Amino acid sequence: MRVTKRTNIAMRVLMYCAANPDRLVTKHEIAERCNASENHLAQVINQLAQLSFLHTQRGRNGGLELGRPAGEIVIGDVFRALEQPVPLAECFADVDNTCPLTEACRLRDALNKAANAFYESLDLITLDSLVCDNPALLEIISPVGCTVRRRPGTLVNAGAID
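In terms of UniProt numbering, the sequence shown opens at residue 1 and continues consecutively.
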C-alpha cells in the first residue's frame, strides 16, 4: 500500500500543530519547516478543517490549530478519511472498473482484508503518541531561536521546549 501525497502532508500538518499546542500556527511556517508547497498545504488544511481535525482562524492574527486534543486524534481515522476515497485497485472503483474478473476474484477480498488490517494497526496510534516525548521531531519543528506568536498576540521563543 502506498500513502498518497495528500495524507503525507496532512500528517506533517497535524504533527506540526500537535508540537505547537499553545499557539496558532501559519501555513507559511508549516511549509518552511515541513518542506511542502503552500498550494498543497492550503488544500490539505481545508480538508482537515472540514473533517474537524483542524480549526482555522482567518485574519491578521489568524492561523490554525488542532480541532481537538492530540490524544483524541486517532491516526487510523485520519488515514481512512483521506485514503479511502482512493481505490486500492481498479476492481475497488465503482465507476472505472473494467476488470472482467471482479465477480470471481479472490485477490480483491485479500486486498480488502489487508487494507483493513493496515487501518486497524493505525487505530492504535494517536497523534499525541507521534509527537510526545519525541525531542528529535520537536527540534526539527521548533528550531532554537525561532520567535513565534501565541494566540493572543504575545511572543514566545519556540526553542524553549519543556
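Every residue gets a Cβ at the ideal spot worked out from N, C-alpha and C, and that includes glycine.
Quick caveat, the model's predicted, so the values are computed rather than measured.
Cβ-based burial, G71 [other Cβ within 10 Å; buried from 16]: Position 71 of the sequence shown, counted from the start, is the residue given in the question as residue 71. The residue is exposed, with fewer than 16 neighbouring Cβ atoms inside 10 Å.
Does the Cβ of G62 have 16 or more other Cβ atoms within 10 Å, making it buried, or fewer, making it exposed? Translated into positions along the sequence shown, residue 62 becomes position 62. Residue environment for G62: exposed (fewer than 16 other C-beta atoms within 10 angstroms of its C-beta).
Does DSSP put E103 in a helix, in a strand, or in coil? One-based indexing of the sequence shown puts residue 103 at position 103. In the structure shown, E103 sits in coil (DSSP, three-state: anything other than H, G, I, E or B).
What are the partner residues of Q50, as DSSP defines its beta bridges? Within the sequence shown, residue 50 is the residue found at index 50, counting from 1. DSSP lists no partner for Q50.
Between R12 and A49, how many whole angstroms is the CB-CB distance? I'm expecting something under 8 angstroms. Within the sequence shown, residue 12 is the residue found at index 12, counting from 1. Within the sequence shown, residue 49 is the residue found at index 49, counting from 1. With a Cβ gap of about 16 angstroms, R12 and A49 do not count as contacting.
Considering only the alpha carbon of each residue, which of V44, S52, N8 and M15 lies closest to E139? Here residue 139 refers to the residue found at position 139 when the sequence shown is read from its first residue. Nearest to E139 by alpha-carbon distance, out of V44, S52, N8 and M15, is M15.
Tell me whether residue 182 sits in a helix, a strand or coil according to DSSP, three-state version. Residue 182 lies beyond the range of the chain shown here (1 to 162); nothing can be said about it.
Just mark V95 as buried or exposed, buried being the case when its beta carbon has 16 or more other beta carbons within 10 Å. By one-based count along the sequence shown, residue 95 stands at place 95. Burial call: exposed.
Answer with buried or exposed for T98, where buried requires no fewer than 16 other C-beta atoms within 10 angstroms of its C-beta. If you number the sequence shown from 1, residue 98 lands on position 98. Label assigned to T98: exposed.
Could you check which residue in E32, N134, I9 and S121 has the C-alpha nearest to that of N46? The residue you call residue 46 lines up with position 46 of the sequence shown. For N46, the nearest C-alpha among the options comes from I9.
Could you tell me which residues DSSP puts in a beta bridge with Q43? For the purposes of this step, residue 43 is identified with residue 43 of the sequence shown, where counting begins at 1. According to DSSP, Q43 shares a beta bridge with no other residue.
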